[in-house]
Structures are given as C-alpha cells and as structure tokens.
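K.L.:
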Amino acid sequence: MMFSSHDKTKKDAFVNRSKAARDQRNLGKQQEKAAVKIQAIVRSYLVIVKLRNQIRNETDNVLKSSARLTGVGLFQAIRRFLFIFQEDKDKERFHLICKTCLESMEDKNAKIWYIYPALTKDWALLWITQLKILLVICCRYLKKLKPASGSDSKLISIYLGMIAKFTDCNSWNISLIKGGEKWKPSLSLLCKSILVHLEKNEFYSSLRDLTLSGLCRNDPALRSTQLAAILTLSLRVAEGSGFNEKSMKLFQLNMMSIPGLFLHVTNLSPQTLDLVKQYTLFSRSLQFLNTGNNWSSVFETLRGNYSLCLLANLIYFIDIDKEAFKSNIPEFLSGVTKILADLRSFVSKDKSSLASWHPIFGWYKETCDSQLNSSIRHVTKQLQVLWKRSTIEVLFQSLPPLQLDAEKATAKNKAVDGRKKLLARLITGRFTSRQETNLSSPEVVQIRNTCVMFELVLNSLSQLKMDVLTGLSFNEEFLLRLLKFLQELGPDGGLSLILSYVSSESSQMSTSIQSLLILFCDCCSHLIPIVDDYEMYEQQKPFSLEDLTALSGFLNTLNYKLLWNRPRAKKNAEMVNLLDNTDNMLSSVYQLLMLIYDRDSRRRFTPENHWLIKELKISLFKSELSTGKPRAIEILQMIPHIVPHRERVKIFRNLVQQDKMSLGISNDQDDFSASCIFVKVRRNQLLEDGYKQLSKIPIQKLKATIKIKFVNEYGLDEAGIDQDGVFKEFLEETIKQAFNPQLNLFKLTENQRLYPSPTSCIHDNHLALFEFVGKMLGKAVYEGIVVDVPFAPFFLSLLLSRQHSALYSSIDELPSFDPDLYKNLNYVKNYEGDLTDLGLTFSFDEDFLGKVITHDLKPGGSCVDVTDENKISYIHLMAHYKMCVQLRDQSRAFFHGFREFIQHDWLGIFSGPELQKLISGDSTSLDVSDLRANTTYYGGYHNKHRVINWLWEIVEKDFNESEKSAFLKFVTSCSKPPLLGFAHLRPEFSIRCVETTDDEDEGDSVGSVVRGFFNIGRRKVSASRLPTSSTCFNLLKLPNYARKEILREKLRYAIQSHSGFELS
C-alpha cells in the first residue's frame, strides 16, 4: 500500500478545499455578472426615463411654442413622441397632439398641414404608418371615455374629429396646392387603406362601447355632432370595404345592435339620416341578413337581447326611408321573420330556474343586460313603428276592398250597403261575386308572409301583445278586408279550405294560412271586449249581428273539428311541430269563439240551436265520455255548448250520482242509515238553527240524507215524518230568509237580481253565513231541488270564475249591476272634450255606513288623472272594483260553500244563464201535458176525474203565462219547471181531494176511481173553500168543486193570494 489512510484523508480534505474555492470563484463571477446586468438595466431604465422626459419636454415645448410648426416638423415631433408613448401617462400630450393636427389643417399654408409629409416622396410611407397608429390610439381612448363626463366629452369630440378628418380627403383643402387635384385619386386610395386598417383594429368595437355608454341612459349623453360623427365614420369604414359581407357583419354586430340608435339619430341629428339613405343602408342590411347563414352567425354573437335591438333599428328604418321600405317589403318580411323566429326560441312560457323576466319578452331564457334597462323604452318605441297605422296600410295594401264593384266604391251610401251583412255572405258562401285569389300570387304571398311575421311578433314580444293588437285592429274595416281576403283564397274559399284541412287527418294546413286565421282571431278578440253593449247591439260595431252570427258558426264548427280530429300522440318531431301549430290556432279560434258565445249568452242575438253541432252524434259522444276518451272530455271542458243543454243537465246529474256512489250514499236511505243526519230546528229561527247545527258538519255527511224535525213556536215538535218534503221545506225557507235583502247579506239590483251586499259586515259572522248559505244552495242543486233565487248575471260570472279569464270584461256585466254607473262611464268613454276638465282620478269616494272612504283603483290612483290615453283603463278598473273587488270576501266565502257540493269542473259545462236555470229551473213556459203525465192522485181523484179535467183545461187554456208560473210556484214553491221535465221533480207532484181524510186515502185504487165516478161517499164541499198546497211535498189539496167556473175562480184567487197551509 503506497498511501496510508492518513494520507488519503489529507487528500480528500485538499480536494474539498479546492472545490469550495472554485465554487466561491464561480459565485463571485456570477455576482459580478448580475451586478453588471442590474447596473445595465438600471442605467438603461434611467436613460429611457431621461430620454422619455427629454422627448416629452421637447414635445411640450413644440406644442406650446408660439412658432408655427410645419407639417414635416409636426410629423417628426410626433414620430419621436410615439417612440416613447405610454397610453396611461401621455393622455394629455396625445390630446394636444390631436388638437394641433386638426388645427394645422385649417391653415391656408399647405406646408403647415399635418398631411403635408404625405405629399412628399421622402416621408409619405412613414407618415401613413404614423397616421394609422395615431387613429388606432384614438379608437382605444374612445373605448374608455364616458360621454356623461364634461372633460371626457371634449376629448371624444377631438378624437372623433381626428378620425373623421384624416379618413376623408375631401375635407382637405388640396385645391390650395398648385396641381393638387391630381393628388385626389391617390389620397382617396390612401383613406380607404386607413379605413381598412381601422376596421381590423377594433374600430367598430370602440365606437360601439362609446355609443352604448352615451345612449344607454334615460337621457342621451352624446352630443348631436358626436352621434353624427359616430354614424358617419361607421358608414365610411363600411364603404371603404365596399360593404362586403365582413364589413356588413361588423356593422350589424356593432352598430345596428345599439339600442335605440336610429331613434336617437332622428332626434339629435336628423340631417345624418340623409347619409343613411344615400348609402342605401336599409336595403343593404336586408340583403345581408337574407343571404346564406349571415343572420345565424350574427345571432350566435348577439344572442337575444341585442338581436332585439338590431330588430328594432331595422324596423325603425320604415320611418327613416319609406320609399326603400315600400320597394323592399318581401326582403323586409323575410329578414324580420328570421330574427323573430330565433328570438322566440328563447322565450319561456313559464317561470323557471333558467328564465329571467324581460320587459318585452316576458320570461326569457337569457339574463337581461343591465345596460339595456334604461333603453327599453327607446327600443319599444322603435318596435311600435311596425304596427303603426301607416305601416299596416302599406303591408296590407293588397287586401281586397270591401265594395263589390267600382260604383259602390264611389257612392258613400252604397258603400255602407256593401258592408252590411258582408260576413254573413262570405262565410255562408253566398257572396256571389267572389273572385278566386291565386294562393301563389305575389300579392297573396306578401299578405300571408305579413301574417306569419305578426304571429311571431305576438308570440315573441309577449309584453307588447296588447299594443300590437291595438295597432292591428285600428278599425273594423281592416278586419273585414282581412276576412274577405281569407274567404277568396283558393277555388272554394279560404274558410272552406280551413275546414277541409281540419276534417282530414292526411292533409296539413300551411303555416301562412294558419297565421292569417290566428291574426284575424286575435285582433277580433282584442277589439270586441272594448265594445260596449250600445255599440255592439245598437250601432252594431265592429260587426253587424248577422256578421257575428255567421262568424261564430264558422268558428264553432272549426273549434269542434280541431278538437275532434286532431292527433293525440306525439310520435316524432314533425308530429310535435304539427301539434304545436294546431294548439296555437286552437287557442286563438277558441278565444274569439268563447268571447262571442259569452256575449250571446248574456244577450241573445243568434237563432235557436245556433251553437249545436249537427255532426256531433250524442250517443257516440256520451259513450266516449263515459269511457274517458280525451277528445270527448276536451269537448265537454272547452265547448260544452255544442252539446244540447238537456244532455248536459243529464251529464251533470250523472256526475252528482257518481259522487254519491263514491261516498256510499243511496237515494233511498232510511232513518236508520249510519250516514243519515237528524236535525231539529225552530220554525221561527230556521236560519240561525240551521247555521249552528249544519255549518260544522263535514261535507261528506252533508251530502247524505238530512232528516228535519220542526219545532213550533210553543217549543213542541211538529207532527210529520220527513220523506224529503220536510227537508225541502227547510231548505227553501232557509234560502228564502238568507237571500232576503232585509237581512243585508244580499242586495237587489234594479232588475230584482241578487248579489252580495257590500255592507254585510254589519253581521259579525257574515263571511261564515255566506259560506253556509253557499252550502245550502249547493245542497239544493246537488239534490236537484229548484229554488227561486234569481242572481245578477255578473255574480253568476263570478261563480263560474269568468273574471279570471282573459276574455272577461267587467264593463260588459256592469249594466246588470248598476245601470247608472254604466251610463256615467260610457259618458266618460265618449267624452269629446278634454277629460282632465272633469277632474277625475283613478279613485272614488264612498259613503260606507256614514263614513266617507276613498278607494284607489290602482296604487296611488288618487294622484293619477283620467285622460284620453288612460280612460279605457279607468272604465274597466272602476267596473272591476265595483263588481269584483268590493265583493271579493263575501263572494269567496259563498263560492267556497257552494263548491263544496258542486265541483268547479261541473259548473264549467254551463253558461251563466244556464247555471241560473240549474238553480231555479227552466225559464220556458209550463208544459201542462208533461206535468199531468207525471202527477199522482189521492183521495178519490184520478186522471179522468171531471175536476181534474177542469183543472188541466183551466191551467192550459185559461191561464196566461204569468198565471201558469204562479200556479207552479203555488204548488212547488218555484215558478219554473225542472230542467229535465216533471219526471225528475222530487218529491213527485200530487193532487189530493180534501173531502177525504188521510186515513181514508186510497190513492188511484179501483175503489177510489169507482167512488169518484159514481160520487160514492162524497161529502159536500163548501163553495168558499180555497185550494191549498204543501210545497214541501209538491202537493195540491184541491176541493171537489161542483162547477168549473168555481174552480177557476178559487184557483186563480189562491195562486194570486199566495195561499198555503194557513189559508183555507
């Protein structure tokens, strides 16, 4: 071993020391290099700062020098400045540079102009590059400036002026230079090059941000010159690119989508609109939107909110350039329809987690941009141009005139005759001079496409629907012409064409025909509720009554066919689309149909059986209804009037019977039935005792049999067994007392019709009483007991929940409540002067139990004056308050009790007058033969008995209609017969001879008949004795008079004197 371990240790230590020394030297070198580098950076920074400060000072001296700068000198100074330019630190200097450049262009010496270097060979290219940089910087500053700020507004004017000045060579005084005209072509190319460069460098986005900041406010902050410059520059840039697709897309995205742009331009800088017309911007925009997928690409960027703004600006062009609009109608319809179709895809029918509220769309599947909130009114105003009268006249100019020939068109009186009964002839096919219109002719296609567009407007801009419909239905002539156009479509007429489409499962109706019908129906549905009774029935506006009769016949048949024949299963996307289209048409047709039907139900103008559908086979319908077929159920729910009233009453009674069966209630329950209820009431305290004992009983038990025991005034039980008759008497007397106006639960109109009293609160428990009375009336209807309770028509509408329908108009029902108020409101409606002279507000004072109370018709109504613009709203709000709002609590309590027995769906199959019949019986005259066929005789009487023959002869031949009603009321307590005839009267009607006692009564037995014929056991009757009745049993107690004259006299006296148990 050459080296010892000690030597090896020394060696390792030496190596380590050498390595450490080497590392230390390397670290020193690195530190030295780092120090040098840091020093270099610091020196560089200090040099740059020094240089920047030096150049800034030089620039400041140049800009502030009193000596005039030449164009080349200014160019060189700016060139040095741009070398050290910092956007955030050099704002003021850049502003001064731009100002200096602009001022130089006003000098008469061309060498002073900033553009002078462009005219030299040495500096031209460098100057062009510099100018592009300057203008791009101007755009960047514009993007950040706020027009509402005074200081920023000045800068905006300078930067816009800079861009405007140096992109238009015509503003340069080249003519001052000798031979300057030869420069113009080259300078024009130069400006186009600059414009293209700006287009590529956020020029449009800068102008957009600036304009949005200045216009998306309650009051625009941009000056008229600034707005004019923005629009001019944007058009100039687009022109520089030859209005190619790229530049048009940028213009649509950045300028056309600015909310209310052209409305503000019209108000602030109308002279700028001449430039818009000069560039034919309207037709260029339509051409771009209708080419290929251009609109789709725009919509993907803008989405819903700003696409709406683009649509509004496009529509506003109608007012800006009327001639261009008239010559581009097909393109306009196509473009607007495309936009609306995409907007509708974002509209949500209901509120959801993905939808937010939009003031124009309603529930919308996109968040509304907060920047747009203050501009919505401007956008709305632009959109309204689409349905203003002049626009409608242009779009529908091809509609056929109302007159049948040229002579009627020139004679005013004949024109009126030409209008009369027009619809009746159109719909029934008796329009002998009808001209067939080709479905594919340009005029027809334009009208059809217009209807498609307006249907999309109604479906998309849901919050403007009322405004749109008001504009469309500005007069009835438009609606008549529209219907006439529809009738003339095709060889057999459009209405026949529609019916043939819905009758066949194989054929499909075109979208435009559907839209045409939907638009007509929606307009009529909007116009008719505004018309009062005098206008509709006396003046016959908007349509004659014969017109309405014919129109309703068509709509009734169409509605039936749509429900009966439409497909039910959604199998594929095409079927889903078909069903959606059918649903839209059904909704509009149904709305107008029910509007006319409700008017007719309230005041009849159609012939008998007008609403019945002959094609509907009742046996098939009832069979499908019993098996739960959807189409039969829909028919009964939506248009029950096409089913005969008698059949609907039978359906109603079947529903009641099914309800009883489900509860285990039989019609012949005895006194020992577990569900039978026994109640004892005092005869002189019927309402109070009935309320205390029955109001807290569960409804299931109330629907069962109720046995009544009367207690007389001495506290003793009255004799007699309740075989439904005593309960009927209790029910009738209870209802009679409850509806007595003296109790002040109900009041009477001038026509002696009942409605809840607004001052019923004088009773502490008035709402509980209303609910109890509702239950008792519901029990009567449930059991088929007719009671003579005539309700006011408006209250029946409330009971049917018609006030919640979009079709319901409170003013229509007002005459049945307060004729004087109706006249006063009509006076306001037709007042020709200034309504503010009347001093009306949306409030009224009322004397309530000696205290004057002010009621606001809407929040803050006492501070809102009634004017010509809001008078229709005032009239409807007043009527609604009087009939609905002030009676709301009482009505709700009554309806709640009534509907505990009679389900709301059951009521839906009847109209208001039909519901009154259900409660009080049929209003038809007494059918004596039907009553006689359903009469039972006791005490020796029989159907052939001479007194009985005299009785029926007297009632049928000698009594007038009022006496027949009085006779029926005398024996049954109700003046009207049962809806299904006397076979359904419970208890059944009977006549008893009062000569025999109850123990001797054998009814119509053989012995009774024989004794009656041969006068066996006949006792002499006093000639002074009157017929009496027991209405609880529907029983007539008739003495056996000797002569017919005596019977006639006594019976007439009895029914007129209201004789009963106590009068004999």
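Going by UniProt numbering, the first residue of the sequence shown is number 1, and it counts up by one from there.
Beta carbons are placed, not taken as given, at the ideal position from N, Cα and C, and that holds for glycine.
1. Given L482, which residues of its chain have a CB within under 7 Å of its CB, disregarding the five upstream and five downstream residues?
2. For I697, collect the residues of the same chain with a Cβ closer than 8 Å to its Cβ; drop the 5 residues on either side in sequence, then sort them by chain order.
3. For R17, does the count of other Cβ atoms within 10 angstroms reach 16, so buried, or fall short, so exposed?
4. Measuring only from the beta carbon, is D717 closer than 7 Å to any heavy atom that is part of the ligand GDP?
5. Between C974, T935 and W952, which has its C-alpha nearest F989's C-alpha?
6. Would a C-beta distance cut-off of 8 Å place G981 and G897 closer than the cut-off?
7. Does S433 pass the burial test, meaning 16 or more other C-beta atoms within 10 Å, or should it be called exposed?
8. Would you report the Cα separation of G839 and N218, rounded to the nearest angstrom?
9. By how many angstroms is the C-alpha of S965 removed from the C-alpha of L825?
10. With DSSP as the reference, please indicate the residues paired to H358 in a beta bridge.
11. For F299, which residues from the same chain have a beta carbon less than 6 Å from its beta carbon, with the 5 sequence-adjacent residues on both sides left out?
12. Quick one: grab the DSSP three-state call for A704.
13. When burial is assigned at 16 or more other CB atoms within 10 Å of the CB, is E732 buried or exposed?
14. Please report the distance separating the alpha-carbon of D845 from that of D522.
15. Enumerated in chain order, which unbroken segments of the alpha helix (DSSP H) with a length of 4 residues or greater are wholly contained in the region 585-650?
16. Does the pairing of the region 873-887 with the region 607-615 give three or more beta-carbon distances under 8 Å?
17. Classify D23 as buried or exposed, calling it buried when 16 or more other Cβ atoms lie within 10 Å of its own Cβ.
18. Evaluate the contact criterion for the region 263-270 versus the region 222-230: three or more CB pairs, one atom per stretch, below 8 Å.
19. Within a Cβ cutoff of 7 Å, which residues of the same chain sit near L516, ignoring the five residues on either side of it in sequence?
20. So V276 packs on S241, CB below 8 Å; how close in whole Å?
21. Tell me which same chain residues have a C-beta within less than 7 Å of the C-beta of Y822, skipping the five on either side of it?
22. Nearest CA to the CA of A704: which residue from K736, D659 and Y714?
23. If we count the other Cβ atoms within 10 Å of its Cβ and call it buried at 16 or more, is F1013 buried or exposed?
24. Check the C-beta distance from H526 over to L469 and give it rounded, since I have them as a contact under 8 Å.
25. Quick one: what's K747 bridged to in DSSP?
26. Alpha carbon to alpha carbon, how far is R52 from K144? Give it in angstroms, no decimals.
27. CA-CA distance, G214 and M255?
28. So, at 7 Å on beta carbons, what are the nonlocal neighbours of V928 in its own chain, with the 5 sequence-adjacent residues on each side left out?
29. Determine the direct distance from the alpha carbon of D122 to that of Q54, and round the result to whole angstroms.
30. Specify the secondary structure class of Y501 as computed by DSSP and reduced to three states.
31. Which of helix, strand or coil does DSSP assign to V347?
32. Using 10 angstroms around the beta-carbon of H904, count the other beta-carbons present and answer buried if the total reaches 16, otherwise exposed.
33. So what's Y141 in DSSP terms, helix, strand or just coil?
34. Let me know the secondary structure DSSP gives T1028 once reduced to three states.
35. To the nearest whole angstrom, what separates the beta carbons of E199 and L250, a pair I think is in contact under 8 Å?
36. How close, in whole Å, do the beta carbons of S1029 and V971 come, if the pair is a contact with beta carbons under 8 Å?
P.N.:
Taking the geometry as given:
1. L399 and F520
2. I677
3. exposed
4. Among the components modelled here there is no ligand, and therefore nothing to report on the ligand GDP.
5. T935
6. no
7. Low confidence applies here, because S433 scores a pLDDT of 43, under 50, leaving its location unreliable; read the following figure in that light. Result: exposed.
8. 31 Å
9. 37 Å
10. G362
11. S307 and D342
12. coil
13. buried
14. 37 Å
15. 618-626 and 630-638
16. no
17. exposed
18. yes
19. R448, C451 and L486
20. Contact flag wrong, Cβ pair sits at about 17 Å.
21. L814 and P815
22. D659
23. Caution is warranted here: a pLDDT of 46 is assigned to F1013, below 50, making its placement in the model unreliable, and no coordinate value can be reported.
24. 4 Å
25. Y755
26. 25 Å
27. 13 Å
28. W952, V955 and E956
29. 26 Å
30. helix
31. strand
32. exposed
33. helix
34. strand
35. 7 Å
36. 5 Å
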